[in-house]
Amino acid sequence: MDICNILVVEDDPDINKLLCRILEGAGYACRPAFSGSEAALWAGQYEYDLVLLDLMLPGLTGEEFIAQMRQKKTMPIIVLSAKAGLEDRVNVLRLGADDFIPKPFDNAEVLARVEALCRRVGRSASTAAGEQAPVSLVSGSFVLDENRRVLLKAGKPIELTQVEFQIMELFFRNP
């Protein structure tokens, strides 16, 4: 299974840590963010396969984050929120969220929904590429996966900015 990189956006440190522990235990790579502004910064610098997002955040709210991301990116967003009224759920889905899980949440349900969306991302990435074979460049224990735009060392992802990825791509293509 390809590693799915997940941005976990939750201002409560205990819940953020719990979500990261659950996901990392299942083999996912996680980046914690504790405000909407921090999440926007990380999402602007790195590529993520999925975002787990609280709505009530300091700085940028979850709704504002969704609106900003939908102008630039198509990564799936799962909202986890105590704001679980019908109007709140409908609003975030209309803004561009892919799923909504009310708090308090069940760990197994969060994991199952993440697995489902990561599977969908994997399928849509190959479909969008016209069913092309994966393009990976290899150098020693490093693999540069051009389809997912990630650098792996011994199978573990190394986070790169978009510019850093382009530089690594240049190095791999011109040793």
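Numbering-wise, my numbering comes out as the position in the sequence shown, counting from 1, plus 12.
Using N, Cα and C, we set each Cβ at its ideal position, and we do this for glycine too.
Do you know how far the Cα of residue j is from the Cα of residue i?
| i | j | result |
| --- | --- | --- |
| A140 | P88 | At A140, the pLDDT of 36 sits below 50, so the modelled position is not reliable; the number obtained from the coordinates is stated separately. If you take the alpha carbons of A140 and P88, they lie about 15 Å apart. |
| E22 | V104 | 16 Å |
| L35 | D61 | 13 Å |
| K85 | D110 | 13 Å |
| P146 | G97 | Confidence at P146 is low in this model, with a pLDDT of 46, below 50, so its placement is unreliable and the value that follows should be read with caution. For P146 and G97, the distance between alpha carbons rounds to 42 Å. |
| L163 | G39 | 17 Å |
| P114 | V91 | 8 Å |
| R135 | C42 | Unreliable placement is indicated for R135, whose pLDDT of 41 sits below 50; the coordinate value is still reported in the next sentence. Cα to Cα, R135 sits roughly 21 Å from C42. |
| V150 | F184 | 8 Å |
Is it buried or exposed, residue i, if we count other Cβ atoms within 10 angstroms and call 16 or more buried?
| i | result |
| --- | --- |
| D118 | exposed |
| R33 | exposed |
| F112 | buried |
| V175 | exposed |
| I18 | buried |
| A51 | buried |
| A45 | buried |
Quick one: give me the first and last residue of the alpha helix (DSSP H) that residue i is part of.
| i | result |
| --- | --- |
| P114 | Segment 111 to 114 is the beta strand (DSSP E) holding P114; no alpha helix (DSSP H) there. |
| K29 | 25 to 37 |
| I15 | Premise fails: I15 is in no alpha helix (DSSP H) and is neither H nor E. |
Between which two residues does the beta strand (DSSP E) carrying residue i extend?
| i | result |
| --- | --- |
| S93 | 89 to 93 |
| F154 | 154 to 157 |
| P169 | 168 to 170 |
Residue i bridges to which residues according to DSSP?
| i | result |
| --- | --- |
| A45 | V21 |
| V162 | D157 |
| V63 | L19, I89 |
| L149 | L156 |
Shorter than 8 Å from the beta carbon of residue i to some beta carbon of chain C?
| i | result |
| --- | --- |
| V133 | Absent from the structure: chain C. Only one protein chain is present. |
Counting Cβ pairs closer than 8 Å, one from the region 174 to 182 and one from the region 63 to 82, do we hit at least three? no
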